[in-house]
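Visitor: The opening position of the sequence shown corresponds to residue 873 in this note's numbering, with each subsequent residue numbered one higher.
Input: one structure, supplied below.
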Amino acid sequence: MDELIGRLAPFCGKLFDAAINSPAEVVLSGANYDFTFTMPAVIEELVVPELKRQNEIAHGMGKFIASHTDGENTMLLEQYVKAGFDIADSICPAPLTKISLKETREIFGDQMTIWGGVPSIALLPDSVSDRDFYRLVDETLEVIGRGDHMIISVADTLPPLADFDRLLYLKKKVEEFGPVR
């Protein structure tokens, strides 16, 4: 594994340099963490220091770092906070994973913005009943409180068989919720 990391690191460094020196305000770095195949010790040893370094560079340039956090985040949320990146992209809460959006918001506080929060399976009638879908939307809006540090979206991706009426309902409820209060 160390040999592979050693060979990939220079290429990944060049990718980061190109992205951070682009006109982009937000740079996506790191990807697809999941407790089931990335142990917290590995995240702490290899990922946290690199994301911290990148975040310092980004902030020095007036930019932000996002990292793709769409997996099972059991025991990883605290590592993300330690890494100090700005946006946890594609947070997938229960019932898709074991961690609730409420727990994620409590751990992140005002240190990190969540992008996501609505599990993709919620838009699949074969996976989530209508009653459970409406309840999930209501609970999600309740959990986001004032709406700060939250970019609500379907995480990780909209499934091809998603019920479009559910997506429209979610859009309507988010619009009714309004901007940060």
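Don't be surprised by glycine CBs; every beta carbon is placed ideally from N, CA and C.
Thinking C-beta only, is Asp961 closer than 8 Å to Ala938?
Guide: In contact: Ala938 and Asp961 (Cβ atoms closer than 8 Å).
Visitor: Taking the C-alpha atoms as reference points, what is the distance between Cys964 and Met984?
Guide: Approximately 15 Å between the Cα atoms of the pair.
Visitor: In chain order, what residues of the same chain lie with their CB nearer than 8 Å to the CB of Leu1039, ignoring the 5 residues before and after it?
Guide: So the qualifying residues of the chain are Leu995, Val1026, Leu1030.
Visitor: To the nearest angstrom, report how far apart Val1043 and Phe888 are at their CA atoms.
Guide: Checking the displayed sequence, the identity of residue 1043 turns out to be Lys instead of Val. Cα-Cα distance, rounded: 34 Å.
Visitor: Just grab the DSSP bridge partners of Phe1036 for me.
Guide: For Phe1036, which the question treats as bridged, DSSP gives no partner whatsoever.
Visitor: Where DSSP assigns a beta bridge to Asp961, which residues make up the other side?
Guide: Paired residue(s): His940, Trp987.
Visitor: So Thr908 packs on Glu944, CB below 8 Å; how close in whole Å?
Guide: Indeed, because the Cβ distance is near 5 Å, the residues count as touching under 8 Å.
Visitor: If the criterion is Cβ atoms closer than 8 Å, does the pair Lys935 and Val990 meet it?
Guide: No; because the gap between Cβ atoms is not below 8 Å, this pair is not in contact.
Visitor: For my contact list, Ile979 and Val953 are in at a C-beta cut-off of 8 Å; report their separation, rounded to the angstrom.
Guide: Yes, Ile979 and Val953 are in contact; Cβ-Cβ is about 7 Å, under 8 Å.
Visitor: Please classify Val899: does DSSP put it in a helix, a strand, or coil?
Guide: Strand at Val899.
Visitor: How about Asp1037 and Ser992: are their beta carbons less than 8 Å apart?
Guide: No. Outside cutoff.
Visitor: Taking Ala955 and Leu923 to be in contact with their CB atoms under 8 Å, please state how far apart those CB atoms are, rounded to whole angstroms.
Guide: Sure, about 4 Å apart at Cβ, within 8 Å.
Visitor: What's the gap between the Cα of Ala890 and the Cα of Asp998?
Guide: Cα-Cα distance, rounded: 43 Å.
Visitor: Can you tell which of Pro1032, Leu1033, Met1022 has its C-alpha closest to the C-alpha of Gly820?
Guide: In this structure the chain extends from 873 to 1053, so residue 820 is not present and cannot be described.
Visitor: Give the DSSP-derived three-state secondary structure of Ser1001 in the structure shown.
Guide: The answer is coil: DSSP assigns Ser1001 none of H, G, I, E or B.
Visitor: Assign Ile1024 to buried or exposed, taking buried as 16 or more other Cβ atoms, counted over all protein chains shown, within 10 Å of its Cβ.
Guide: Buried is the call here.
Visitor: Could you give the DSSP three-state label for Ser894: helix, strand or coil?
Guide: It is coil, neither helix nor strand.
Visitor: Are the beta-carbon atoms belonging to Met933 and Ile892 less than 8 Å from one another?
Guide: Yes, they are a contact pair.
Visitor: Please state whether the Cβ-Cβ distance between Ile971 and Thr946 is less than 8 Å.
Guide: Cβ distance < 8 Å, so Ile971 and Thr946 count as in contact.
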